[in-house]
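Worksheet: one structure, shown below.
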Amino acid sequence: MIESLKHMPQPSATSTELASHFTDLAPPLNARQAAIESARCLYCYDAPCTRICPSEIDVASFIRNIHDRNINGAAQGILKQNILGGSCARVCPTEILCEDSCVRNHDAEGQPVKIGLLQRYALDNMSIEGHPFQRAPSTGKKIAVVGAGPAGLSCAHRLAMLGNDVVIYEAQPKAGGLNEYGIAKYKLTGDFAQKEVEFLLGIGGIEIQYGRKLGENLHLKDLHAQYDAVFLGLGLGASRQLGLTGEDAPGLMAAVDYIAALRQASDLSALPVPKRAIVIGAGNTAIDMAVQIQRLGAEEVTLVYRRGFEAMSATQHEQDIAKANQVRMLTYAQPQQVLLDDAGRVRGMRFEKTMLEANRLVGTGQTFEIAADAIFKAIGQTMEAASLADPLAVVLKRDGDKIHVDAQFRTVLPGIYAGGDCVAPGQDLTVQAVQHGKLAAHAIHTDIQSKVEAA
Numbered sequence: 013m014i015e016s017l018k019h020m021p022q023p024s025a026t027s028t029e030l031a032s033h034f035t036d037l038a039p040p041l042n043a044r045q046a047a048i049e050s051a052r053c054l055y056c057y058d059a060p061c062t063r064i065c066p067s068e069i070d071v072a073s074f075i076r077n078i079h080d081r082n083i084n085g086a087a088q089g090i091l092k093q094n095i096l097g098g099s100c101a102r103v104c105p106t107e108i109l110c111e112d113s114c115v116r117n118h119d120a121e122g123q124p125v126k127i128g129l130l131q132r133y134a135l136d137n138m139s140i141e142g143h144p145f146q147r148a149p150s151t152g153k154k155i156a157v158v159g160a161g162p163a164g165l166s167c168a169h170r171l172a173m174l175g176n177d178v179v180i181y182e183a184q185p186k187a188g189g190l191n192e193y194g195i196a197k198y199k200l201t202g203d204f205a206q207k208e209v210e211f212l213l214g215i216g217g218i219e220i221q222y223g224r225k226l227g228e229n230l231h232l233k234d235l236h237a238q239y240d241a242v243f244l245g246l247g248l249g250a251s252r253q254l255g256l257t258g259e260d261a262p263g264l265m266a267a268v269d270y271i272a273a274l275r276q277a278s279d280l281s282a283l284p285v286p287k288r289a290i291v292i293g294a295g296n297t298a299i300d301m302a303v304q305i306q307r308l309g310a311e312e313v314t315l316v317y318r319r320g321f322e323a324m325s326a327t328q329h330e331q332d333i334a335k336a337n338q339v340r341m342l343t344y345a346q347p348q349q350v351l352l353d354d355a356g357r358v359r360g361m362r363f364e365k366t367m368l369e370a371n372r373l374v375g376t377g378q379t380f381e382i383a384a385d386a387i388f389k390a391i392g393q394t395m396e397a398a399s400l401a402d403p404l405a406v407v408l409k410r411d412g413d414k415i416h417v418d419a420q421f422r423t424v425l426p427g428i429y430a431g432g433d434c435v436a437p438g439q440d441l442t443v444q445a446v447q448h449g450k451l452a453a454h455a456i457h458t459d460i461q462s463k464v465e466a467a
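Mind the numbering: the sequence shown is residues 13 to 467 in the working numbering, read in order.
What follows is the structure, encoded as structure tokens:
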């Protein structure tokens with residue numbers, strides 16, 4: 013995946029020095045800080061922070077438990093709704109969700125309760141022996157889950173909790189999905205993603221088979237025949253194309269592939285790092301890529317977006333992180349041509365200036381060039397074609413490039429469900445993928461039990 017950059021130099025800093033650039037973005041609260049912060053919560057009735065939480069965590073309740081020094085109670089309240097609450101506390105965009113809705117977040121005070129950090133405090137400091145939840149009596153049913161990302165893991169855990177046996181099929185050598193391979197290293201540090209997976213599996217009744225990829229060595233028709241139900245938590249594994257000549261040239265690659273290599277690297281000083289880099293995109297992945305390549309030692313990093321700052325899907329908080337890390341951000345510029353040197357490698361990119369004309373983005377005809385040794389595209393993900401290529405999978409109804417599901421996460425094929433980033437509704441957030449998995453598990457369990465009762 014990172015073969016495209018093999019001709020580039022390695023960082024001049026040591027691995028230890030580079031590792032110091034990827035410590036926690038937001039250091040955890042200590043006990044005193046947590047006590048002070050939890051005391052700021054007004055414990056609102058019908059709290060707006062709870063209403064906006066995609067995973068329906070009772071925010072006021074868990075904060076009250078922290079204030080009362082009932083850390084285990086706070087943790088259990090969180091995990092009951094979001095079994096991946098530890099990672100969500102670190103990566104969830106609280107600045108546009110619960111903390112934005114906090115009643116403390118107004119002009120006079122201007123500082124919401126630090127809900128994300130309090131959630132992390134509760135889960136990092138709980139002292140529950142074993143797993144916090146017990147399995148229900150066995151149903152004798154077995155469900156297949158495809159994909160060990162947040163949606164698949166959440167679905168598997170809830171199904172197991174309800175008394176079902178689950179087999180997860182995962183293409184990668186590790187479980188975790190986006191948490192393991194796609195989140196900036198300074199947001200989810202160390203091996204936290206794997207520890208969280210191990211904790212989740214403590215419920216029992218879940219088996220994970222690695223190296224199993226739908227459309228290659230795993231087929232939906234076989235799963236449909238062998239299991240009582242199938243849940244597809246496929247994510248979006250393929251990067252969109254720019255549609256430009258030279259897109260396959262050495263020096264141009266998908267940002268998610270570099271981020272995955274960075275997260276799995278045991279020696280950061282062995283990674284290829286360009287002196288000058290361009291990142292194309294406007295979402296959190298684009299920000300993550302730009303900031304991380306800067307922290308690895310790139311001398312000049314330019315993030316380019318075809319619209320304005322206000323249209324970026326990356327939150328203002330994320331944009332501020334980029335600016336604080338000396339990332340140059342250019343807006344209203346559309347990629348026009350990949351520039352190559354005599355060896356056929358990337359040497360830069362030509363852009364066309366854009367503008368809004370009657371709320372429609374148009375080119376101005378003016379162009380400019382930016383010199384770069386590498387270009388990272390972060391323009392969105394799509395479904396891998398091979399994933400839905402077998403005879404049964406092609407029957408699935410699609411909404412654009414995503415799988416169509418009903419309100420209970422059922423696809424058009426009986427017994428096959430889907431959730432997370434691969435389905436149409438949602439914001440492509442980790443916390444929402446967890447919620448999809450949880451709700452789908454309840455729908456699967458209910459449907460299976462209804463069949464048993466009808467028989």
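Cβ atoms here follow ideal geometry from the backbone N, Cα and C, with glycine treated the same way.
Assignment of PHE388 by DSSP, reduced to helix, strand and coil, places it in the strand class. Here LEU37 really is in contact with LYS199; their C-beta atoms are around 6 Å apart, less than 8 Å. Taking 8 Å as the cut-off, the Cβ atoms of THR314 and ILE382 count as close. Collapsing the DSSP output to three states places PHE243 in a strand. Shown here for ASP240: same chain residues with a beta carbon closer than 7 Å to its own, the five before and five after excluded, namely LYS153, LYS154, ILE155 and ILE460 in chain order.
Around the Cβ of ASP353, a 10 Å sphere holds fewer than 16 other Cβ atoms; the residue is exposed.
Annotation for PRO60: the continuous alpha helix (DSSP H) segment containing it runs 60-64.
Of THR106, ARG307 and ALA163, the smallest CA-CA separation from LEU248 is found for ALA163.
Annotated as proximal: GLY161 and GLY189, with beta-carbon spacing under 8 Å. Taken through DSSP and simplified to helix, strand or coil, ASP177 comes out as strand. Straight-line spacing of the CA atoms in ASP177 and CYS53 works out to 40 Å. Contact check between the region 408-417 and the region 212-226: fewer than three CB pairs, one atom from each, fall below 8 Å, which does not count as touching. Counting only the Cα atoms, SER113 lies some 41 Å from SER150.
ILE155 carries a strand assignment under DSSP once its states are collapsed to helix, strand and coil. The alpha helix (DSSP H) runs lying completely inside the region 186-224 and spanning 4 residues or more are 190-193 and 204-213, given in chain order.
In the DSSP assignment, TYR429 is bridged to PHE243 and ARG422. By the Cβ criterion, the region 389-397 is in contact with the region 248-259, since at least three pairs of Cβ atoms, one from each stretch, lie closer than 8 Å. Under the three-pair Cβ rule at 8 Å, the region 264-277 does not count as touching the region 429-437. Here LEU368 is exposed. Its C-beta has fewer than 16 other C-beta atoms within 10 Å. When the Cα atoms are used, SER16 and ASN42 turn out to be separated by approximately 43 Å. Taken atom to atom, the span from the alpha-carbon of ALA86 to that of GLN131 is near 8 Å.
Annotation for PHE145: no beta strand (DSSP E) segment contains it, and DSSP assigns it neither H nor E. Per DSSP, reduced to three states, the secondary structure at ALA383 is strand. In this structure GLU111 is buried. Its beta-carbon is surrounded by 16 or more other beta-carbon atoms within 10 angstroms.
With contact defined as three or more Cβ pairs closer than 8 Å, the region 269-285 and the region 370-382 are not in contact. For ALA250, the beta-bridge partners assigned by DSSP are THR394. The way I'd put it, the region 137-148 does touch the region 164-173; three or more beta-carbon pairs between them come closer than 8 Å. The beta-carbon distance between PHE243 and ALA452, rounded to whole angstroms, is 6 Å. This is short enough to meet the 8 Å contact definition.
Secondary structure in the region 290-322: the beta strand (DSSP E) runs of 3 residues or longer, each lying completely within the stretch, are 312-316 in chain order. Nearest to ASN84 by alpha-carbon distance, out of PHE34, GLN123, VAL209 and GLY142, is GLY142. Distance check between LEU400 and each of GLY258, ASN229 and THR343 places ASN229 closest, using alpha-carbon atoms only.
In terms of Cα proximity to LYS450, the closest of LEU165, ARG44, SER99 and ASN191 is LEU165. For the pair ALA187 and VAL209, the CB atoms are nearer than the 8 Å cut-off. In this model, GLN306 and THR423 are separated by some 42 Å (Cα to Cα).
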